[in-house]
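Okay, structure first, notes after.
Protein chains in written order, with this note's numbering: chain U, 837 to 949; chain R, 1104 to 1217.
Next up, the structure:
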């Protein structure tokens, strides 16, 4: 298994500001993923972060809104930029290896007011 | 791409009864099917998974079955307890070189009534 630490666990932010969420893994992993989970909904993949290259974004998500960094094999950040109330969600970091299980962090509960 | 349908969306059972949650998938290339339990305020926790080379897997009170021909898989929880109350998500993916993305079902909110 993998231990994933996500910070912050929750935050309340003003609209128009940005929040950076950190994800730290206790072992080296090739792929890290960022998901959004809107209230009462399932998980939607925002982007895949591979160390040393640009993140790959899913349809409906763009780099200007959700810039991602992946400076090494154990760490990644997701920034939610120019926030609006519609960005209020749980943001989850996940790690995966080929032919193994995917594990999730505890999530960051974001409320935009 | 893959599409995963999950039913029911809500499920209430009496403590001690069994609970069954069903999922179907669309991509015949998918070969890995995990189930996650998400308690309020927490991230999804992997509780059991199955790969396409087996038809059933058990872990104490939890079991998962897979029918590759029909492209559906199910989670079975026996002797349910109040602490089983949570939202359960099924997922599917092709697990192989160059492919990592999980596709999730919409979730089932399970309530176990004491």
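For every residue, glycine included, the Cβ atom is placed at its ideal position computed from N, Cα and C.
Being a predicted model, the structure only gives us computed values, none of them experimental.
Can you tell which of the options has the C-alpha that lies nearest to the C-alpha of residue i?
i                       : options                        : result
residue 1145 of chain R : U/947, U/879, U/943, U/918     : U/943
residue 855 of chain U  : U/903, U/875, U/894            : U/903
residue 1219 of chain R : R/1188, R/1178, R/1155, R/1108 : It is not possible to answer for residue 1219 of chain R, since the shown part of chain R is limited to 1104 through 1217.
residue 1127 of chain R : R/1216, R/1209, R/1166         : R/1209
residue 899 of chain U  : U/913, U/838, U/946            : U/913
residue 916 of chain U  : U/865, U/870, U/866            : U/870
residue 1165 of chain R : R/1213, R/1150, R/1192         : R/1150
residue 906 of chain U  : U/890, U/896, U/894            : U/890
residue 894 of chain U  : U/901, U/883, U/857            : U/883
residue 876 of chain U  : R/1214, R/1190, R/1194         : R/1190
residue 941 of chain U  : U/929, U/918, U/949, U/843     : U/929
residue 887 of chain U  : U/859, U/896, U/908            : U/908
residue 923 of chain U  : U/937, U/939, U/938, U/945     : U/945
residue 948 of chain U  : U/859, U/939, U/853            : U/853
residue 1194 of chain R : R/1121, R/1130, R/1120, R/1122 : R/1130
Are residue i and residue j touching if we call contact CB-CB under 8 Å?
i                       : j                       : result
residue 1148 of chain R : residue 1139 of chain R : yes
residue 878 of chain U  : residue 1207 of chain R : yes
residue 1211 of chain R : residue 1109 of chain R : yes
residue 1161 of chain R : residue 1153 of chain R : no
residue 872 of chain U  : residue 927 of chain U  : yes
residue 1216 of chain R : residue 1115 of chain R : yes
residue 881 of chain U  : residue 1204 of chain R : yes
residue 851 of chain U  : residue 920 of chain U  : yes
residue 931 of chain U  : residue 848 of chain U  : no
residue 838 of chain U  : residue 861 of chain U  : yes
residue 1224 of chain R : residue 1178 of chain R : Only positions 1104 to 1217 of chain R appear in the structure, and residue 1224 of chain R is not among them; the question remains open.
residue 1155 of chain R : residue 1171 of chain R : yes
residue 864 of chain U  : residue 910 of chain U  : yes
Between residue i and chain U, is any beta-carbon pair separated by less than 8 Å?
i                       : result
residue 1146 of chain R : yes
residue 1208 of chain R : yes
residue 1213 of chain R : no
residue 1137 of chain R : yes
residue 1205 of chain R : yes
Check the Cβ-Cβ distances between residue i and every residue of chain R, and say whether any is below 8 Å.
i                      : result
residue 902 of chain U : no
residue 885 of chain U : no
residue 878 of chain U : yes
residue 890 of chain U : no
residue 943 of chain U : yes
residue 946 of chain U : no
residue 897 of chain U : no
Taking 7 Å as the cut-off, is the CB of residue i close to at least one heavy atom of the ligand ZN?
i                      : result
residue 906 of chain U : Annotation note on the ligand ZN: not contained in the displayed structure, which lists no ligands.
message: To test your reading of the DSSP string, which unbroken beta strand (DSSP E) runs of 3 or more residues are found completely within the segment 837-875 of chain U?
response: For the segment 837-875 of chain U, whole beta strand (DSSP E) runs of length 3 or above, ordered along the chain, are 840-843, 846-849, 855-861, 867-873.
message: Taking beta-carbon pairs under 8 Å, can you tell me which members of the segment 1145-1170 of chain R lie near chain U?
response: 1145, 1146, 1147, 1148, 1149, 1152
- request: Identify every run of the beta strand (DSSP E) within the segment 1126-1178 of chain R, keeping only runs that are complete inside it and at least 3 residues long; order them along the chain.
  value: 1135-1141, 1148-1154, 1159-1162, 1165-1170
- prompt: Can you list, in chain order, the residues of the segment 1186-1198 of chain R whose Cβ is nearer than 7 Å to any Cβ on chain U?
  reply: Residues of the segment 1186-1198 of chain R whose Cβ lies closer than 7 Å to any Cβ of chain U, in chain order: 1192, 1198.
task: Taking only beta carbons into account, state which residues of the segment 838-871 of chain U come closer than 7 Å to chain R, listed in chain order.
output: Correct list: 867.
- prompt: What are the residues of the segment 1113-1131 of chain R that lie near chain U, defined by any Cβ-Cβ distance shorter than 8 Å?
  reply: Here the close residues number zero.
task: With a floor of 3 residues, list each beta strand (DSSP E) that falls wholly inside the segment 869-926 of chain U, ordered by position along the chain.
output: 880-886, 904-908, 911-916
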